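Participant: For reference, each letter of the sequence shown is one residue, going 1132 to 1617 in the working numbering. Ideal Cβ positions, reconstructed from N, Cα and C, are used throughout, including at glycine. Just so you know, these numbers come straight off a predicted model, no measurement behind them.
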Amino acid sequence: MNDAGRLHDRLDQSTVPLVDALQHCANRENAAFYTPGHKRGQGITHRHKQLFGKTVFRADLPELPELDNLFAPEGVILQAQQLAAAAFGAEQTWFIANGSTCGVEAAILATCGPSDKLVLPRNVHSSAVSGLILSGAVPVFIQPTYSPEWDISLDISPDKIEAALAEHPDAKAVLVVSPTYQGICSNLSIIAQIAHSHRVPLIVDEAHGAHFAFHPDLPACALSAGADIAIQSTHKVLSAFTQASMLHLQGDRINRTRLSQSLQLTQSTSPSYLLLGSLDAARYQMATAGETLMSKTLGIANQARQAVQQLSKLKVLDSDDRTRLSLNVSSLGITGFDADEFLHTECDITCELPTLHTLTFIISLGNTRSDIHQLVKGLAKLSEHPHRSSAPDQIKIDFPRSHISISPLSPRQAFFAPRAPLPLKKAIGQTCAETITTYPPGIPVLLPGETITASAIDYLQATHKAGGIVTGNSDPTLATLLTITD
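In structure tokens:
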């Protein structure tokens, strides 16, 4: 057993060191001559109190001596991170107050420098593109399995990882997204073996899988499958505040000092202790009652899935993570955006992710059987309601046809290159200069350095027209795109 394992065995998961210290400081009466400006709630307005209450402001504190420092932890933050590492199966864990976005960026910065190659799937989150721009790394894109029936990316074939590393033996790391937004998992055990056989680390964007370690009926978590780094959005499916995430590490393939420095580069120098404290509390909850909570969550998720499968007009995706419920609404003759609006306005139900053809719902430990009853009732109403046809023909983005591809310019080169707007038709065939994403899920349709295709433009226009959110484009009307001029 290594030193981390021996330490983990001595830890008491019923303790909450950071929460306790934060509570002590919040309740202490003292004259505050430090940030933030509201001075423990003394400077807030009645509008603050109406929405937030007053108590939360007393805990909105900076790096007081009792509260440790996120970037040089020696006290309660270090203790809370050690408890989290033990609970989630890591050798070392870092708390993140800037979301999994900065965790992905830091993982890339820790493994890749300018001109280094990173093997990753084309359906990565936009944060990976930011990491490529910041690091100067060159992406070696592989194409995930595609489902034409669902118009979504599925898993990553280990064979494609093997082929990419064989073709690019100088690659520095592999990055994989697992699970996807829809709860589809890749075979991480095989992928980890392949990466390690080529002497490179495996980074897993596990933003949607923070709950996997706490129930045997859930997919195996990335660390147990052999990943070197796993980045998890603790807020997405567990009980931490929005933007609170964790980065977990094991093994010796990653330079830990460089990773710590990379996290310091990508995080705020004034991290919110409300977020950090919520990570400590969420860890405590899962470490002491995780399997019970996940059993309840899986129970109501299965109840929802079985009930929705009885609605003949809606197709249910067979996902690896059963807490994700994805439906294809194409047979109703409407878009997922129309279905989402109907459910939101007519049934008081809001999904996580609408797309042109689908809806995805996240069922977590915070949901109740009453929620499931309301969801099934709303979907039945949606299924039987007469709709005016609005669904577009299926549009598949024509990413590079080869299974392995490198863009004409790296994202960093394209980001800093001269650029100019072009009308859409003239932009086809040119090199893109911006990251354009439908959000959620945050997967770039176009990214800097990539050749602009007609199908990508068609997809963006169809999403925009249907009411979806398109971000990153300098022209909000989508009449023009920024392209590289030289």
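Please identify the residue among Pro1270, Leu1285, Val1269, Ala1268 whose C-alpha is closest to the C-alpha of threonine 1276.
Facilitator: Position 145 of the sequence shown, counted from the first residue, corresponds to residue 1276. That would be Leu1285, whose Cα lies nearest to the Cα of threonine 1276.
Participant: From the DSSP output, which residues share a beta bridge with alanine 1551?
Facilitator: For the purposes of this step, residue 1551 is taken as the residue at position 420 of the sequence shown. Thr1614, per the DSSP bridge assignment.
Participant: My output table needs one value for arginine 1253: the three-state DSSP class, helix, strand or coil.
Facilitator: For the purposes of this step, residue 1253 is taken as the residue at position 122 of the sequence shown. Reduced to three states, the DSSP call for arginine 1253 is coil.
Participant: When you compare only the Cα positions, how much space is there between phenylalanine 1188 and lysine 1180?
Facilitator: Translated into the one-based positions of the sequence shown, residue 1188 becomes position 57. Translated into the one-based positions of the sequence shown, residue 1180 becomes position 49. Their backbone Cα atoms lie some 9 Å apart in a straight line.
Participant: Look at alanine 1211 and leucine 1149 and say whether their C-beta atoms are less than 7 Å apart.
Facilitator: Counting from 1 along the sequence shown, the entry for residue 1211 is found at position 80. Counting from 1 along the sequence shown, the entry for residue 1149 is found at position 18. Closer than 7 Å, so yes.
Participant: Going by beta carbon distance, what residues of the same chain come within less than 6 Å of proline 1310, once the five residues before and after it are set aside?
Facilitator: On the sequence shown, residue 1310 is found 179 positions in, with the first residue counted as 1. Contacts found: Cys1316, His1339, Gly1340, Asp1452.
Participant: So for proline 1582, helix, strand or coil by DSSP?
Facilitator: As a position in the sequence shown, residue 1582 is number 451, starting the count at 1. Residue identity differs from the one stated: residue 1582 is threonine in this sequence, not proline. Of the three classes helix, strand and coil, the one that applies to threonine 1582 here is strand, per DSSP.
Participant: Taking 8 Å as the limit between beta carbons, can you name the residues of its chain near glycine 1603, skipping five residues before and five after?
Facilitator: In the sequence shown, residue 1603 corresponds to position 472, counting from 1. Cβ neighbours of glycine 1603 beyond the five flanking positions: Ser1257, Glu1565, Thr1566, Ile1567, Thr1568, Pro1575.
Participant: Who are aspartate 1336's beta bridge partners in DSSP?
Facilitator: Translated into the one-based positions of the sequence shown, residue 1336 becomes position 205. According to DSSP, aspartate 1336 bridges with Val1308, Ile1362.
Participant: Give me, in chain order, the residues of the same chain whose beta-carbon lies closer than 6 Å to that of serine 1231; leave out the 5 immediate sequence neighbours on both sides.
Facilitator: What you label residue 1231 is simply residue 100 of the sequence shown in a count that begins at 1. Result list for serine 1231: Ala1338, Ile1362, Ser1364, Ser1376, in chain order.
Participant: For alanine 1351, which residues in the same chain have their Cβ closer than 6 Å to its Cβ, ignoring the five residues on either side in sequence?
Facilitator: Within the sequence shown, numbered from 1, the residue matching residue 1351 stands at position 220. There are no such residues.
Participant: Would you kindly check if the distance between the Cβ of alanine 1323 and the Cβ of threonine 1242 is under 7 Å?
Facilitator: Here the question's residue 1242 lines up with position 111 in the sequence shown. Here the question's residue 1323 lines up with position 192 in the sequence shown. No, the pair does not count as a contact, with Cβ atoms beyond the cut-off.
Participant: Of the choices Ala1221, Ile1264, Leu1513, Thr1419, whose alpha-carbon is the least far from that of phenylalanine 1547?
Facilitator: Taking the sequence shown and counting its residues from 1, one reaches residue 1547 at position 416. The shortest Cα separation from phenylalanine 1547 among Ala1221, Ile1264, Leu1513, Thr1419 belongs to Ile1264.
Participant: Look up asparagine 1386 in the DSSP assignment and say whether it is helix, strand or coil.
Facilitator: Here residue 1386 is taken as the residue at index 255 of the sequence shown, counted from 1. In the structure shown, asparagine 1386 sits in coil (DSSP, three-state: anything other than H, G, I, E or B).
Participant: In terms of alpha-carbon separation, which member of Thr1454, Arg1178, Ser1328 lies closest to alanine 1294?
Facilitator: On the sequence shown, residue 1294 is found 163 positions in, with the first residue counted as 1. Selected option, being the one with the closest Cα: Ser1328.
Participant: Need the endpoints of the alpha helix (DSSP H) that glutamine 1434 sits in, please.
Facilitator: Numbered from its first residue, the sequence shown carries residue 1434 at position 303. First-last of the alpha helix (DSSP H) with glutamine 1434: 1404–1439.
Participant: Counting beta carbon pairs with one atom in the stretch 1269–1283 and one in the stretch 1407–1416, are three or more of them shorter than 8 Å?
Facilitator: The stretch 1407–1416 vs the stretch 1269–1283: no contact.
Participant: Please report the Cβ distance between valine 1444 and leucine 1456, rounded to the nearest whole angstrom; I am assuming they are in contact, meaning their Cβ atoms lie under 8 Å.
Facilitator: Within the sequence shown, the letter at position 313 stands for residue 1444. Within the sequence shown, the letter at position 325 stands for residue 1456. The sequence as given places lysine at residue 1444; valine does not occur at that position. About 16 Å; that fails the 8 Å criterion.
Participant: Quick check on asparagine 1459: buried or exposed, where buried means 16 or more other Cβ atoms within 10 Å of its Cβ?
Facilitator: Taking the first residue of the sequence shown as 1, we reach residue 1459 at position 328. By the 10 Å Cβ count, asparagine 1459 comes out buried.
Participant: So what does DSSP say about arginine 1519, is it helix, strand or coil?
Facilitator: Within the sequence shown, numbered from 1, the residue matching residue 1519 stands at position 388. The answer is coil: DSSP assigns arginine 1519 none of H, G, I, E or B.
Participant: If we ignore side chains and look at the alpha-carbon of each, how far apart do aspartate 1471 and glutamine 1592 end up?
Facilitator: Taking the sequence shown and counting its residues from 1, the one referred to as residue 1471 is at position 340. Taking the sequence shown and counting its residues from 1, the one referred to as residue 1592 is at position 461. Roughly 19 Å between the two C-alpha positions.
Participant: How many Å lie between glutamine 1561 and glutamine 1392 at the Cα?
Facilitator: Here residue 1561 is taken as the residue at index 430 of the sequence shown, counted from 1. Here residue 1392 is taken as the residue at index 261 of the sequence shown, counted from 1. Distance between the alpha carbons of glutamine 1561 and glutamine 1392 is about 37 Å.
Participant: If we ignore side chains and look at the alpha-carbon of each, how far apart do leucine 1192 and alanine 1217 end up?
Facilitator: Reading the sequence shown from its first residue, position 61 is the one you call residue 1192. Reading the sequence shown from its first residue, position 86 is the one you call residue 1217. Spanning the two alpha carbons is a distance of roughly 27 Å.
Participant: Quick one: measure Cβ to Cβ for methionine 1417 and leucine 1349, integer angstroms, because I've assumed they're closer than 8 Å.
Facilitator: Here residue 1417 refers to the residue found at position 286 when the sequence shown is read from its first residue. Here residue 1349 refers to the residue found at position 218 when the sequence shown is read from its first residue. At roughly 12 Å, the Cβ-Cβ gap does not stay under 8 Å, so methionine 1417 and leucine 1349 are not in contact.
Participant: Which same chain residues, not among the five before or five after alanine 1489, have their C-beta less than 6 Å away from its C-beta?
Facilitator: Position 358 of the sequence shown holds residue 1489. Note that residue 1489 is threonine in the sequence shown here, rather than alanine. Excluding residues within five positions, the ones whose Cβ falls inside 6 Å are Ser1457, Asn1459, Gly1467.
Participant: Can you name, in chain order, every residue of its own chain whose Cβ lies under 6 Å from the Cβ of lysine 1185, other than the five neighbours on each side?
Facilitator: Here residue 1185 corresponds to residue number 54 of the sequence shown, with the count starting at 1. The residues are Gly1172.
Participant: Measure how close the beta-carbons of leucine 1378 and alanine 1228 come, nearest whole angstrom, since I'm counting them as under 8 Å.
Facilitator: For the purposes of this step, residue 1378 is taken as the residue at position 247 of the sequence shown. For the purposes of this step, residue 1228 is taken as the residue at position 97 of the sequence shown. Not confirmed; about 12 Å, so no contact.
Participant: Would a C-beta distance cut-off of 7 Å place aspartate 1359 and isoleucine 1325 closer than the cut-off?
Facilitator: On the sequence shown, residue 1359 is found 228 positions in, with the first residue counted as 1. On the sequence shown, residue 1325 is found 194 positions in, with the first residue counted as 1. It is not a contact, given that the beta carbons lie outside the stated cut-off.
Participant: Tell me whether the beta-carbon of glutamine 1395 lies closer than 7 Å to the beta-carbon of phenylalanine 1226.
Facilitator: Counted from its first residue, the sequence shown places residue 1395 at position 264. Counted from its first residue, the sequence shown places residue 1226 at position 95. Not in contact: glutamine 1395 and phenylalanine 1226 (Cβ atoms no closer than 7 Å).
Participant: Under three-state DSSP, which class holds threonine 1454?
Facilitator: Within the sequence shown, residue 1454 is the residue found at index 323, counting from 1. Threonine 1454: coil per DSSP, three-state reduction.
Participant: Return the bridge partner residues of tyrosine 1277 from the DSSP annotation.
Facilitator: Position 146 of the sequence shown, counting from 1, holds the residue named residue 1277. Its beta-bridge partners are Ser1284.
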